[in-house]
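Student: I'd like to ask some things about the structure below.
In the UniProt record's numbering, the protein residues as written are 1 to 573.
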């Protein structure tokens, strides 16, 4: 029997191959005196240029292989490389201290990292520390003349093992050869785990000491469903894994048969399974996975992809492309959700102690309404090309909703006065992600056409636990009865007013949550496109009346997340 390690199941699937450690080279930097500081500055600039070119290539590969949204992380890395503070301070240090570029750059970069890591109340800035670490490694490798690991050069079937995989590592994985990856650290919501799911590569993260336990060439069996890795497996363990892999492939083939089928429960209740997208480039995944619409179009990527505010015409073309690209299926477009962990350099937003609780999303739109009006006009003009549903994010009170709706009405009136036709089937809704809105859902329901629950933020706000902070990650509890009661309240409030309720957070595609959500009467489930068919298959095997009983027990009898999980597992065996 082989040695078994258990981690977090980050991406479904099974694999058996030899271990391929992604070993980092020795990037130890020593201090050296330099006489020709101008030449050293030029060497530094050349290293920055090389690193930028590499990242642009990696970003392009990532956009092609895992989608535009996941590729966005490299824009942050490229932006850090272009930061004048980083380069100016390094150049000054080289000249004033007459030291080598690698030493100067490391000192400056480490100083930035220390400052950002110390900002425990600012998750966005803490993430920037991670970006600087990644680019620091890349620039110093060029200055030292050593090669970084190149995952794209792997040309045999392997299981990649690493302490952690940076987004740039993951984007270069070729699924033809990389059968799985296992890391020492990480969680289900890390960039590498999300990319693994998009690539459909089995992954186990947070496996502890995989890199110190396994040597290159050792055989590994990876179970991405259970989150288990077997080192030096026996013949019986290999055979058992192959059986699981075969069953999984058969299941995927069965799921694929449901591509053009409606999403209907065992007892005939129909729901809508939609996909979340970031840009029009993601439409192919929507189509290939049989999604019945788009439940969340994150328009902020239009803003983040540009060095200035996107024009009305640019936005109109993007919205039109998406609406036409789904052949009349509904499209929920979320208005600009900037702020929190999504910054725009050209907007010059204020630094904040708590950006997730600060000046962001609809709050910016209402304060700087010229930006909002441009987006609304583009959406209204595009409305005749499909079934458009406009959704406002981060709504906490009715005054905000009414102010946003008033702007929509004003722009609609102006456009119609100019002879522009606006769809008469246009819907206006809100994203429920603030507990205050969830509690007042009965009043909001009178003034909107729909709700969509954004569980990622709703959970962290309800539990007062930053979902990016590993120290409190145990409090990120989607099945906690308090979260379930808020969601149930939202669904009931919508239905009482004859409105529909959807969900566009990670929870909508969670196979443990789906039975509860079906039982609570959720109308629309929006998730990553690759989860749609698996969820449709699950719903087809569930009886909605039995799930209603299950949901009622979870809501009234369970007191902890663990109790809810145990209850669902027993019910759905």
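All residues carry an ideal CB built from backbone N, CA and C; glycine is no exception.
Model, not experiment: these values are computed from the prediction.
Compute the distance between the beta-carbons of residue 169 and residue 22, then report whether it is under 8 Å.
Tutor: yes
Student: Over what stretch of residues does the beta strand (DSSP E) that includes residue 6 continue unbroken?
Tutor: 3 to 6 is the span of the beta strand (DSSP E), which, as asked, contains residue 6.
Student: Quick one: using the 10 Å Cβ neighbour count with 16 as the cut-off for buried, is residue 134 buried or exposed?
Tutor: By the 10 Å Cβ count, residue 134 comes out buried.
Student: Only counting the same chain, and skipping five residues up and downstream in sequence, which positions put a Cβ closer than 7 Å to that of residue 475?
Tutor: Apart from sequence neighbours up to five positions away, the residues of its chain that approach residue 475 with a beta-carbon distance below 7 Å are 463, 465, ordered along the chain.
Student: Got a sec? Which residues, its chain only, sit under 6 Å from residue 377 by beta carbon, not counting five neighbours each side?
Tutor: 312, 411
Student: Opposite residue 273 in the DSSP bridges: which residues?
Tutor: 525
Student: Taking the C-alpha atoms as reference points, what is the distance between residue 494 and residue 235?
Tutor: 55 Å
Student: Run through DSSP, which three-state label would residue 213 get?
Tutor: helix
Student: When you compare only the Cα positions, how much space is there between residue 459 and residue 68?
Tutor: 26 Å
Student: Taking 8 Å as the threshold (beta carbon to beta carbon), is residue 548 in contact with chain B?
Tutor: Among the chains of the structure shown, chain B does not appear; only one protein chain is present.
Student: With distances taken from CA atoms, which of 16, 370, 426 is nearest residue 387?
Tutor: 426
Student: CA-CA distance, residue 546 and residue 506?
Tutor: 24 Å
Student: Spatial neighbours of residue 31 within its chain, please: CB distance less than 8 Å, with the 5 preceding and 5 following residues excluded, ordered by chain position.
Tutor: 99, 100, 103
Student: To the nearest angstrom, report how far apart residue 532 and residue 286 are at their CA atoms.
Tutor: Rounded to the nearest angstrom, the two C-alpha atoms are 9 Å apart.
Student: Please report the residue range of the beta strand (DSSP E) in which residue 220 lies.
Tutor: It spans 219 to 223 - the beta strand (DSSP E) in which residue 220 sits, taken as one unbroken run.
Student: Taking the alpha-carbon of residue 389 as reference, which of 498, 319, 91 has the nearest alpha-carbon?
Tutor: Selected option, being the one with the closest Cα: 319.
Student: Per the DSSP calculation, residue 452 is bridged to which residue(s)?
Tutor: 431, 502
Student: Taking the continuous beta strand (DSSP E) assigned at residue 23, which residues delimit it?
Tutor: Element bounds for residue 23: n/a, residue is neither H nor E.
Student: Measuring only the C-alpha atoms, how far is residue 212 from residue 200?
Tutor: 26 Å
Student: Report the residue ranges of all beta strand (DSSP E) runs contained in full by the region 348 to 436; include only those spanning at least 3 residues, in chain order.
Tutor: 387 to 392, 427 to 432
Student: Measuring only the C-alpha atoms, how far is residue 246 from residue 216?
Tutor: 27 Å
Student: Tell me the rounded alpha-carbon separation between residue 182 and residue 143.
Tutor: 30 Å
Student: How big is the Cα-Cα spacing for residue 174 and residue 155?
Tutor: 9 Å
Student: Between the Cα of residue 451 and the Cα atoms of 55, 461, 333, which residue gives the shortest distance?
Tutor: 333
Student: Quick one: Cα of residue 485 to Cα of residue 555, how far?
Tutor: 6 Å
Student: Between 456, 399, 417, which lies nearest to residue 443 when the distance is taken from Cα to Cα?
Tutor: 399
Student: Tell me, which residues are paired with residue 162 by DSSP?
Tutor: 183
Student: Which value, in whole angstroms, describes the spacing of the CA atoms of residue 56 and residue 315?
Tutor: 24 Å
Student: Name the two residues that bound the continuous beta strand (DSSP E) containing residue 228.
Tutor: 228 to 231
Student: Please list the segments of the beta strand (DSSP E) lying wholly inside the region 245 to 327, counting only runs of 3 or more residues, in order along the chain.
Tutor: Within the region 245 to 327, the complete beta strand (DSSP E) runs of at least 3 residues are 270 to 277, 294 to 298.
Student: For residue 208 and residue 7, what's the separation of their Cα atoms in angstroms?
Tutor: Approximately 7 Å between the Cα atoms of the pair.
Student: Who are the near neighbours of residue 244 in its chain, counting only those whose CB is closer than 6 Å to its CB and skipping five residues on each side?
Tutor: 14
Student: Excluding the five sequence neighbours on either side, which residues of its own chain have a C-beta within less than 6 Å of the C-beta of residue 374, listed in chain order?
Tutor: 312
Student: CA-CA distance, residue 11 and residue 195?
Tutor: 9 Å
Student: Considering only residues of the same chain and omitting the five flanking positions on each side of residue 542, which have a CB-CB separation below 7 Å?
Tutor: 265, 266, 515, 518
Student: Below 8 Å CB to CB, which residues in the same chain sit around residue 549 once its five sequence neighbours on both sides are set aside?
Tutor: 519
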